[in-house]
Amino acid sequence: ELAQSLGEVTAISGQLQIPLEEVGAAIAALTVTGQPAAIAMTALQNALANYLKPSHEAAELAKQLGLDMSAAHIKAVGLKGALEEVTKATGGSEEKMAVLFGGIRELRAILPLTGSAADEFSKFLVEMGNSAGATAAAFKEMQKSFAKQWDMMKAKTAEFQIKVGRDLLPAAGATTGAIGSLAE
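Residue 287 is where the sequence shown ends in the working numbering, and the numbering goes up by one at each step.
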């Protein structure tokens, strides 16, 4: 279910330079509330689209509330930071969030991430960060192992070349002498 829908949200989150860990944490938090993953991803995708192209009404309300609902801003503060700003500026008003984000589909992501699932979002964000660190460490170890194996392979290859060279040297000398005799 995740694989089928992930491309929808990552296309927009990638444009907004929202790290995959943050998108994953948001999706995990939304699915904990009982939303199917596909619906959660579509809702998140639609909500994020408002940072790329807010409606006129959303832009006016954001200006009144002192919110920066631009792509550049969400790139700078991240999804979690942007949603915290929205929650603070709107006082948690569902009506104001509906204007800012567009409608029911978008609110399926925004309301839980700013309300009932906000704590889960934070928790999953920490876990994703820890997981990313563990993945990076494992990759570093794997690189060390690969480098060691590569060095061993190069040494074995050099050893093989030396052995073959020693064994073939007498034959090569005889062949060279025979060819030289024929040439004369």
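All residues carry an ideal CB built from backbone N, CA and C; glycine is no exception.
Cut-off 7 Å between Cβ atoms - residues of its own chain near residue i, not counting five sequence neighbours on either side
| i | result |
| --- | --- |
| residue 135 | 220 and 223 |
| residue 170 | 188, 189 and 192 |
| residue 198 | none |
| residue 142 | 211 |
| residue 178 | 119 and 120 |
| residue 110 | none |
Helix, strand or coil at residue i [DSSP, three-state]
| i | result |
| --- | --- |
| residue 222 | helix |
| residue 158 | coil |
| residue 120 | coil |
| residue 113 | helix |
| residue 136 | coil |
| residue 194 | coil |
| residue 170 | coil |
| residue 232 | helix |
Nearest neighbour of residue i, chosen from the options [CA to CA]
| i | options | result |
| --- | --- | --- |
| residue 208 | 128, 116, 185 and 146 | 146 |
| residue 144 | 130, 152, 157 and 156 | 130 |
| residue 215 | 160, 133 and 199 | 133 |
| residue 229 | 172, 173 and 123 | 123 |
| residue 119 | 263, 159, 148 and 108 | 148 |
| residue 115 | 156, 138, 162 and 139 | 156 |
| residue 168 | 179, 195 and 140 | 195 |
| residue 227 | 266, 264, 183 and 260 | 183 |
| residue 174 | 256, 111 and 121 | 121 |
| residue 153 | 112, 140 and 256 | 112 |
Supposed contact pair residue j and residue i - C-beta distance, whole angstroms, cut 8 Å
| i | j | result |
| --- | --- | --- |
| residue 151 | residue 203 | With 8 Å as the limit, residue 151 and residue 203 do not qualify as a contact, their Cβ atoms being about 12 Å apart. |
Contact set for residue i: own chain, Cβ-Cβ below 6 Å, skip 5 residues either direction
| i | result |
| --- | --- |
| residue 231 | 124, 127 and 128 |
| residue 217 | 186 and 190 |
Spatial neighbours of residue i in its chain, beta-carbon cut-off 8 Å, leaving aside the 5 residues before and after
| i | result |
| --- | --- |
| residue 161 | 153, 172, 202, 203, 204 and 205 |
| residue 108 | 140, 141, 144 and 145 |
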